[in-house]
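What follows is a set of notes on a single structure, which appears directly below.
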Amino acid sequence: MTIPLSPHFPDAPDFRDPLSFLGLHPGGGAAGADILRVYRPRARAVAVEWCHGQKMPLSPVGQTGLFVWQGQLPGRPEAGRGEYVLWLDEGDGMRPLRDPYAFPPRRAATAEDRFLLVEGRQCLGYRLLGALPEIRQDDGDGTAEGEACCWVPGVCFRVCLPGASWVALVGPFNHWDTRWHRMIPLGEDGIWELFLPQLPAGTPYRFACSFHADEAAQIVMVEDPWARQAGVVPASASGMAHCARVAAESEYDWRDGAWLGRRSMLRRPPAMPSIYRVAQADWPLPAGDAPAEVRELAAWLCAQARQAAATHVALPEPAGRFLVNPLHGSAEGLRGLVDACHQQGLGLLMPWSWATSPADGDFLDTSQTKSLLLSSIRYWLDEFHLDGLFVSGLERGRRGLEGQEAQQFFQAAHTLMQREFPGTLSVVDASPGRAMPETASLVAPVHQGGWGFSLCWSVEGSDTPR
0 MTIPLSPHFP DAPDFRDPLS FLGLHPGGGA AGADILRVYR PRARAVAVEW CHGQKMPLSP
60 VGQTGLFVWQ GQLPGRPEAG RGEYVLWLDE GDGMRPLRDP YAFPPRRAAT AEDRFLLVEG
120 RQCLGYRLLG ALPEIRQDDG DGTAEGEACC WVPGVCFRVC LPGASWVALV GPFNHWDTRW
180 HRMIPLGEDG IWELFLPQLP AGTPYRFACS FHADEAAQIV MVEDPWARQA GVVPASASGM
240 AHCARVAAES EYDWRDGAWL GRRSMLRRPP AMPSIYRVAQ ADWPLPAGDA PAEVRELAAW
300 LCAQARQAAA THVALPEPAG RFLVNPLHGS AEGLRGLVDA CHQQGLGLLM PWSWATSPAD
360 GDFLDTSQTK SLLLSSIRYW LDEFHLDGLF VSGLERGRRG LEGQEAQQFF QAAHTLMQRE
420 FPGTLSVVDA SPGRAMPETA SLVAPVHQGG WGFSLCWSVE GSDTPR
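Going by numbering that gives the first Met the number 0, the residue at position 58 of the sequence shown is 57; the numbering climbs one at a time, nothing skipped.
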């Protein structure tokens, strides 16, 4: 979807790096004065409260939505970039707000991380991109000895959009206005970042960008392919009814150490695992997150597995590369389900589709897509302690990743699984009537030139172990 560009600030074609203009710039004003610039189009008045409690008003620049303060910073002259609080009146009285541009990008996403991402070899992308809850110190350069600092919770947003002339973060926190929260480029590899302080979990968001540096360009609304939570929002507000949301950090206390220990002792998966697939129609009502509900669902799954003489159960498909199926409950609910099943001796597999999905992001090139897919595989095994993947869609292929390139991808994925998660399974759906590579090649080990799958599965029940 595209919408027309607004002619107002900051939509100038050369407005690529907001950090070079917005926020506090010691010595960046006229005659070497310190200058603070804030862009809030709906504000009636803006003031700044410095770290020592002194409050000063900012002057509006016409009707542009830009507010400016110039002068000499109070207190110690080496005051850090984040040691101030904004006060805004947007029609409901003055309220405090942290300035996103008081928090420059951190080095959490290193040059090596970004290089691996664009090379297609990044398997930890879910820790680097998307909406990541963080706590940051408010004084950028450190506080003076003996002086207390403040730790500010918020969300770090990162997205990879190579070729974009600018990128913005939009959501209900800025009325879906692309001018409020322009993101900061991290070098020339197409990764953009913005830390938004005090944003609660569950907040919907999207990215917006333009790929042409001129005022006649169109704004393109982009869904986050790395989103770990999603939901429905009014289409009139976001331009899309389905939207990514900020996911809370997990606080789950795992108790399946004995199971993981036994699994890790297996240098290869069990010789003859038996897989039971649970059809989505057979799944009970959406799971809750209460411990009793999770235990009840785990007991039902284990009973189904025992009846089928199965060692592992393949769950219903997830809602996205990093999105839990609502049938599993929340992300914490799925963790509880896996934990409870492990404690009863049952392994769980996550369905994983090789076929192209709209959620994969049609703006990603082949290398970035490989990083997305590798990271998705690791995400389910790492964050949810799942015992492997049930891979489908291999016969449909992917544009740009077909034939030998597809084989090379799965060789890399299975090498990762064997190294980081020994004992996990990789099962490929090879039901009759599908144009698949030879079974012997699919289950041959990587070091013998095979694809590296643990076994082939078909609806006729002919499992072929590696």
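We put the CB at the ideal spot given by N, CA and C, even for glycine.
Local conformation of residue i per DSSP, three classes
i: residue 60; result: coil
i: residue 370; result: helix
i: residue 136; result: strand
i: residue 244; result: strand
i: residue 95; result: strand
i: residue 73; result: coil
i: residue 390; result: strand
i: residue 127; result: coil
i: residue 111; result: helix
i: residue 250; result: coil
i: residue 49; result: strand
i: residue 44; result: strand
i: residue 450; result: coil
i: residue 400; result: strand
Residue span of the alpha helix (DSSP H) that contains residue i, given as start and end
i: residue 263; result: 256-263
i: residue 341; result: 330-342
i: residue 406; result: 403-419
i: residue 440; result: 438-442
DSSP beta-bridge partners of residue i
i: residue 209; result: 165
i: residue 384; result: Paired residue(s): none; residue 384 is not in a bridge.
i: residue 192; result: 157 and 183
i: residue 66; result: 37 and 59
i: residue 221; result: 206
i: residue 23; result: 35
i: residue 274; result: 311
i: residue 199; result: Bridge partners of residue 199: none, in fact.
i: residue 152; result: 134
i: residue 363; result: Residue 363 pairs with nothing; no bridge assigned.
Rounded straight-line distance, which links the Cα of residue j to that of residue i
i: residue 337; j: residue 385; result: 7 Å
i: residue 132; j: residue 153; result: 6 Å
i: residue 265; j: residue 400; result: 31 Å
i: residue 447; j: residue 388; result: 22 Å
i: residue 207; j: residue 308; result: 50 Å
i: residue 29; j: residue 196; result: 29 Å
i: residue 330; j: residue 51; result: 42 Å
i: residue 346; j: residue 94; result: 51 Å
i: residue 420; j: residue 380; result: 7 Å
i: residue 222; j: residue 73; result: 42 Å
i: residue 27; j: residue 192; result: 23 Å
i: residue 313; j: residue 438; result: 21 Å
i: residue 243; j: residue 31; result: 43 Å
i: residue 297; j: residue 326; result: 13 Å
i: residue 483; j: residue 186; result: Lying outside 0 to 465, the shown extent of the chain, residue 483 is not represented and no answer is given.
i: residue 62; j: residue 189; result: 33 Å
i: residue 288; j: residue 49; result: 43 Å
i: residue 376; j: residue 252; result: 22 Å
i: residue 383; j: residue 136; result: 30 Å
i: residue 104; j: residue 311; result: 43 Å
i: residue 455; j: residue 273; result: 11 Å
i: residue 440; j: residue 178; result: 53 Å
i: residue 322; j: residue 54; result: 44 Å
i: residue 457; j: residue 291; result: 35 Å
i: residue 275; j: residue 294; result: 19 Å
The beta strand (DSSP E) enclosing residue i, as first and last residue numbers
i: residue 351; result: 346-352
i: residue 424; result: 424-428
i: residue 500; result: Given that the chain is displayed from residue 0 to residue 465, the structure contains no residue 500 and the question cannot be resolved.
i: residue 88; result: 83-88
i: residue 299; result: Not the beta strand (DSSP E): residue 299 falls in the alpha helix (DSSP H), residues 290-306.
i: residue 231; result: 229-231
i: residue 455; result: 454-456
Of the residues the options, the one placed nearest residue i, counting alpha carbons only
i: residue 161; options: 134, 66, 368 and 300; result: 368
i: residue 158; options: 168, 150, 149 and 423; result: 168
i: residue 92; options: 319, 98 and 44; result: 44
i: residue 227; options: 166, 296, 318 and 291; result: 318
i: residue 201; options: 291, 276, 170 and 390; result: 170
i: residue 204; options: 38, 377, 220 and 191; result: 220
i: residue 315; options: 278, 290, 344 and 172; result: 278
i: residue 351; options: 300, 409 and 305; result: 409
i: residue 255; options: 245, 344, 364 and 218; result: 344
i: residue 21; options: 395, 128 and 67; result: 67
i: residue 449; options: 305, 96 and 406; result: 406
i: residue 83; options: 71, 90, 96 and 119; result: 96
i: residue 412; options: 453, 430 and 435; result: 453
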